[in-house]
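Asks: To start, I am sharing the structure in question, which I have written as structure tokens.
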Ligand SMILES: [Zn+2]
Ligand SMILES: [Zn+2]
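Residue numbers (full-length UniProt numbering): 1 to 440.
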């Protein structure tokens, strides 16, 4: 059985926030379980389903509690403000004890923010199928990969068949999340426990915040292909640095942590603003050059990441050399690929970001320290070898549809002569200068 087939019959575990996604007025609570089971079956998942319903159960009508438990739904009592945090803690704990394949289903409106950020990072290391249901759809957390999603009311409506015959299932568990064990919800101890914990149970705790960045290389990634996307505006070639050393420095950094697969590098820049010796140095060491303007750079790199995923089935690695924010769209996209398949990613930046990105990296570097791995003697040796066996990178113009060539002369001619580029106005964010195109 392939991994994909195995998960279709593996267990499905459901965490349900009853406040966000309540049982509708007049709805038979005994229908909740079969509705969820039916929705999963409809998309091919038929494993055993276990459900835990979280809410302030002192507010839940007794007939609902009874109906839920009679259909094997576990009922967990929480304080409304803490539901999200407690649910997340239970998810994290469950993941620790239940290796994939399995499907997680989260029924809640409060998955965005720290919840989805941390879950997306967990999913990049250990991949479960992830289903969602919600009353209100949010679009903020596009970096979290969902394998299926439902509107809660629709899911319940579609499941609404004939009422169940009672007594078919054994009754489920009741938990009190304030006391950590089953207790009568009206007891004195319970009330006191809730009062104290309400002050302590504040925000959700991100478990991946302390994850170290350097993971041991796995055998399947050690020799896999590595694609490097290098934003030369954020992370430029330092003054006086020989451009021919960029590729060997990147390769040496990979080798040092156990990655020896073939490395392709694409450098994105406005090549009308780049010194000619840099173009020569990069292309002679097999670095592909992609011409773009400051405004378009992000979208062109984004398109290329998508193309990369298309062309490179996992295992494979991607490296981003750029200054990124916590949930920029390129790291978000890479993070989704990592949640989907066994990919691996690296990051280099000109300064350490104040907030950790959602992308779960296997290693990170400061750009300038990555470039200075070699001693002076070693540099001379590498440069001598470079001039002996020069290779050529490809040249792309990301502003002209599908334009590429294999010669530097042709590339520079294209940039200086073609009508499109003659009118281009460069923009260098470093010095905020606006330059006119040079006269023809
Ligand atoms: Zn209690
Ligand atoms: Zn062009």
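All C-beta atoms, glycine included, are put in the ideal place defined by N, C-alpha and C.
For the UniProt domain "NYN" (225-348), list the alpha helix (DSSP H) runs that are entirely contained and at least 4 residues long, ordered along the chain.
Replies: Counting whole runs of 4 or more residues, the UniProt domain "NYN" (225-348) contains the alpha helix (DSSP H) stretches 246-256, 276-284, 294-311, 329-340.
Asks: Thinking C-alpha only, which one of 234, 107, 89, 217 is nearest residue 325?
Replies: Residue 325 has its Cα closest to that of 234, out of 234, 107, 89, 217.
Asks: So which of 236, 48, 102, 29 has the shortest CA-CA distance to residue 68?
Replies: When only C-alpha atoms are compared, the closest one is 29.
Asks: Comparing C-alpha positions only, which one of 138, 43, 97, 254 sits nearest to residue 452?
Replies: This structure cannot speak to residue 452, because the chain is shown only from 1 to 440.
Asks: How about residue 104 and residue 142: do their beta carbons lie closer than 7 Å?
Replies: Result no, Cβ atoms of residue 104 and residue 142 do not sit closer than 7 Å.
Asks: Would you say residue 359 and residue 335 are within 7 Å of each other, going by their C-beta atoms?
Replies: Yes.
Asks: Out of 53, 403, 18, 216, which has the shortest C-alpha to C-alpha gap to residue 75?
Replies: Cα-wise, what sits closest to residue 75 is 53.
Asks: From this set, 20, 31, 287, 123, which residue's C-alpha is nearest residue 340's C-alpha?
Replies: The shortest C-alpha separation from residue 340 is found at 123.
Asks: Should residue 293 be listed as close to ligand 2, given that the test is whether its C-beta is under 6 Å from any heavy atom?
Replies: Incorrect: residue 293 has no Cβ contact closer than 6 Å to ligand 2.
Asks: Taking 7 Å as the limit between beta carbons, can you name the residues of its chain near residue 314, skipping five residues before and five after?
Replies: Excluding positions up to five away in sequence, the list reads 341, 342, 343.
Asks: Rounded to a whole number of angstroms, what is the C-alpha to C-alpha distance between residue 386 and residue 280?
Replies: Residue 386 and residue 280: Cα-Cα distance of roughly 12 Å.
Asks: Is DSSP giving residue 132 helix, strand or coil here?
Replies: Strand.
Asks: Is residue 33 near residue 71, with beta carbons less than 7 Å apart?
Replies: A contact, by the Cβ cut-off of 7 Å.
Asks: Helix, strand or coil, according to DSSP, for residue 181 in the structure here?
Replies: Residue confidence is low: residue 181 scores 49 on pLDDT, short of 50, so the model does not pin down where it sits. No coordinate-derived value is stated.
Asks: Spatial neighbours of residue 247 within its chain, please: C-beta separation below 7 Å, excluding the five flanking residues on both sides.
Replies: Correct list, in chain order: 265, 285, 286, 287.
Asks: Using DSSP bridges, identify the partner residues of residue 397.
Replies: Answer by DSSP bridge pairing, in chain order: 291, 403.
Asks: Kindly examine ligand 2 and report whether one of its heavy atoms sits closer than 6 Å to the Cβ of residue 206.
Replies: Result no, Cβ not under 6 Å from ligand 2.
Asks: Going straight from the alpha carbon of residue 95 to that of residue 78, what length do you get?
Replies: Rounded to the nearest angstrom, the two C-alpha atoms are 21 Å apart.
Asks: Determine the contact status of residue 13 and residue 50, defining contact as a CB-CB distance below 7 Å.
Replies: In contact: residue 13 and residue 50 (Cβ atoms closer than 7 Å).
Asks: Would you mind stating whether residue 267 and residue 232 have Cβ atoms separated by less than 7 Å?
Replies: In contact: residue 267 and residue 232 (Cβ atoms closer than 7 Å).
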